[in-house]
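Residue numbers for the sequence shown, in mature numbering (1 follows the signal peptide of the UniProt record, and there is no 0): -23 to -1, 1 to 299. In this text, a Cβ means the ideal position worked out from N, Cα and C, and glycines have one as well. None of these values were measured; they are calculated from a predicted model. For reference, the structure discussed in these notes is given below.
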Amino acid sequence: MTPRCLPTLTLASLLLLASSALAQDHGIDHAPGVDPTSILYYAPSVPGNIAFGVLYGLACVGLYVNLIRRRDWWALCLPIGATFQCAGFFLRLPLRSNPGSLGLYIIQDFCIVLSPACYFAFSYIIFGRFSYNLQHDATLLKRKEKITLLNPRLFGRVFIISDVTTFLIQAGGGGMQTAPSLSDIGSKIFLAGIILQGLSYIIFLGCCFYTQYIVTPRGASSHALHKNIQKLFLVLYLASIWIIVRSVYRTIELAQGFRGYLITREVYFFLLDSLPLLLCLLTWIIVWPTTVLPLQHSDDGFQSQSYELGRGKYESTSSYDA
């Protein structure tokens, strides 16, 4: 996620959250014992939010360690997103004593809702850098195939712009929900934004599958670069599974409405939103992308670079044959 995108995405998120919160019907019954002025149907769980806040805090430490140790400043969006999400869990706690505070609700939900966009962006940036080096690797170009469906330099821009656009769609739908006469169509537009965000990621994965097919050797290969290319794809797909689980949950949740079964039960928020995204972060903590392949932009592709294969060992990729 580029610095230029952050102000737009932040503004869109705040507009979305404010309008959605204002649109909620407080006339509907809450869970037993919950203040009737509460924006949330339930009182946030203290043990649950503290537990996930601590777990995300530990994940932040692991991500920042990888980032600083490898000096991969281009990857800063991932730990930033994790930091926002960590803060979001702790900010849910004051809602127990101030259940009707719109300001508190917006801030905590802003942290929770914005962070996955950073995880999406991390995947886009990784594949953009990865495919750029593949496209410029002379040994791969000898095969004459087109390595990627999009220009590698465009991957991050195209899909991050898609993220911003879907957030703006959600913001527009949330705003329409504040008007009783437009609330129904507003809900549909809001849901459409979530669905389009998920579809954008699925299209991105389709681009990944295409590139993997093109660069996979037609026969068995023992070369380190071949193995590490496949490893990076597998790690990217594993992290993506958790993102998709979360996206499906959010789609169903919003389809049910602001007082639907899922959104009124915090346990599903923990199990189908918070936990999958935590597992996504854990995937990248265990297998940081630049320990698998070098992701610095190079017009000579992977051939001019060396990469760490674990425990401080470096191996040149210059002998690679496709």
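Close Cβ partners of residue i (< 7 Å) along its chain, the five nearest in sequence each way excluded
i, result
"residue 4", "Note on residue 4: pLDDT 48, under 50, position unreliable in the model; the coordinate value appears next. If we look at residue 4 and ignore the five residues flanking it on each side, it has no Cβ neighbours."
"residue 33", "59, 62, 63, 66 and 255"
"residue 96", "55, 58, 220, 254 and 257"
"residue 132", "101, 104, 105 and 108"
"residue 146", "166, 169, 170 and 173"
"residue 135", "127"
Exposure of residue i, with buried meaning 16 or more beta-carbon neighbours within 10 Å
i, result
"residue 186", "exposed"
"residue 109", "buried"
"residue 166", "buried"
"residue 50", "exposed"
"residue 125", "buried"
"residue 128", "exposed"
"residue 217", "buried"
"residue 178", "buried"
"residue 194", "exposed"
"residue 23", "exposed"
"residue 31", "exposed"
"residue 188", "buried"
"residue 14", "exposed"
6 Å CB neighbourhood of residue i in its chain, flanking five on each side removed
i, result
"residue 39", "262"
"residue 12", "76"
"residue 224", "175"
"residue 260", "215 and 216"
"residue 47", "267"
"residue 25", "247"
Residues of its chain near residue i, where Cβ-Cβ distance is below 8 Å and the 5 sequence neighbours each way are ignored
i, result
"residue 232", "168"
"residue 269", "205, 208, 209, 212 and 284"
"residue 245", "226, 230 and 239"
heavy atom of the ligand SAM below 7 Å from residue i C-beta
i, result
"residue 100", "With respect to small molecules bound, the structure shown includes none, and the ligand SAM cannot be examined in it."
Below-8 Å beta-carbon distance, residue i vs any chain B residue
i, result
"residue 193", "In the structure shown, chain B does not exist; there is a single protein chain."
Supposed contact pair residue j and residue i - C-beta distance, whole angstroms, cut 8 Å
i, j, result
"residue 36", "residue 73", "Contact doesn't hold; Cβ gap of about 24 Å is too wide."
"residue 247", "residue 29", "7 Å"
"residue 68", "residue 84", "6 Å"
"residue 79", "residue 16", "7 Å"
"residue 236", "residue 18", "7 Å"
"residue 249", "residue 222", "7 Å"
Problem set entry | Runs of alpha helix (DSSP H) wholly within the stretch 186 to 245 (minimum 4 residues, chain order) | Counting only runs of 4 or more, we get 201 to 232.
For this session: For the stretch 46 to 71, list the alpha helix (DSSP H) runs that are entirely contained and at least 4 residues long, ordered along the chain.
Result: You should have 54 to 69.
For this session: Report the residue ranges of all alpha helix (DSSP H) runs contained in full by the stretch 85 to 136; include only those spanning at least 4 residues, in chain order.
Result: List check, alpha helix (DSSP H) in window: 115 to 118.
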